[in-house]
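Everything below concerns the one structure shown next.
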Amino acid sequence: MAFYTGKGDSGTTKLFDSPKGKRVSKSAPIFETLGMLDELNTLTGWCRVAAPKKLKGGGKTVLDILLDVQNHLFTLQAEVAGAPKSVPQESVESMNMLINEIEKSLPEVKTFLVPGGTEFSARLDIARAVSRRVERRLVQLHESEDRAISDSSRAYANRLSSLFYALVRLENNRAGVSERPPQYP
């Protein structure tokens, strides 16, 4: 069996909710959003393979946290592609509690911090920045009325950068890396 069908060679494809026989241009904004979600999921996997095996945040291993994020990103992709799926509100609430638990275990932060401390935290910082781009794109897609994105899915996307930031701080703390505020020359 081939890994390709050739049906998209002309620059069109289908979504879950495409009417029978209707194809959509791959240049449509929806596919940019799907591509960004795929990029973030891949970056999250790259973070996961570098995660210290025993590092825990909020009672869960960071490996488990990142795998959970990846599964939720697949749900977001499915929703964007027209499947009857969305991130449950309970997942947003669980993420809120997790972020709060991680932050309670760390020194208070009162400023922006310069990214990069360890290889792992630098990867998490990239994922944090990309998650913000993904969120902006999801909101833009929702506001364009091309695709309604549920309130809970948009809230999850909004919270995701905060989770990555908390994990960056957790990792740097574990590694004994001092947090550095930026110097404004």
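Residues 198 to 382 in the numbering used here are what the sequence shown lists, from first letter to last. Idealized CB from N, CA, C, for every residue including glycine. Being a predicted model, the structure only gives us computed values, none of them experimental.
Are there 16 or more other CB atoms within 10 angstroms of the CB of F317, so buried, or fewer, so exposed? Along the sequence shown, one-based indexing puts residue 317 at 120. Buried, because 16 or more other Cβ atoms sit within 10 Å of the Cβ of F317.
R356: first and last residue of the uninterrupted alpha helix (DSSP H) it sits in: Here residue 356 refers to the residue found at position 159 when the sequence shown is read from its first residue. Element bounds for R356: D348 to R371.
Identity of the residues DSSP links to S222 by a beta bridge: To locate residue 222, count along the sequence shown from 1; it is residue 25. Paired residues: T209.
Nearest by alpha-carbon distance to L303: which of L240, G255, K223 and I346 is it? Counting from 1 along the sequence shown, the entry for residue 303 is found at position 106. The shortest Cα separation from L303 among L240, G255, K223 and I346 belongs to G255.
Which one or two residues does DSSP pair with K257 in a beta bridge? Taking the sequence shown and counting its residues from 1, the one referred to as residue 257 is at position 60. Bridge pairing for K257: G254 [DSSP].
If you draw a straight line from the alpha carbon of F200 to that of R344, how long is it in whole angstroms? Counted from its first residue, the sequence shown places residue 200 at position 3. Counted from its first residue, the sequence shown places residue 344 at position 147. Using only the alpha carbons, I get a separation of about 28 Å.
Would you kindly check if the distance between the Cβ of V365 and the Cβ of L335 is under 8 Å? Within the sequence shown, residue 335 is the residue found at index 138, counting from 1. Within the sequence shown, residue 365 is the residue found at index 168, counting from 1. In this structure, V365 does not lie closer than 8 Å to L335 by Cβ.
Please list, in chain order, all residues of the same chain as P312 whose beta carbon is under 6 Å from its beta carbon, the five residues on each side excluded. Position 115 of the sequence shown holds residue 312. Only D322 meet the Cβ criterion.
Can you find the residues in the same chain that come closer than 7 Å, C-beta to C-beta, to V327, ignoring five residues on each side of it along the sequence? If you number the sequence shown from 1, residue 327 lands on position 130. Around V327, the same chain offers E236, L237 and L240 as residues with beta carbons nearer than 7 Å, after the five sequence neighbours per side are excluded.
Out of T202, K217 and L273, state which residue places its alpha-carbon closest to the alpha-carbon of Y353. Residue 353 sits at position 156 when you count from the first residue of the sequence shown. When only C-alpha atoms are compared, the closest one is L273.
In whole angstroms, give me the CA-to-CA distance for S347 and V284. The residue you call residue 347 lines up with position 150 of the sequence shown. The residue you call residue 284 lines up with position 87 of the sequence shown. Between S347 and V284, the C-alpha separation is close to 8 Å.
Inter-residue Cα distance where the pair is K282 and E276: Within the sequence shown, the letter at position 85 stands for residue 282. Within the sequence shown, the letter at position 79 stands for residue 276. CA-to-CA, the gap between K282 and E276 works out to about 5 Å.
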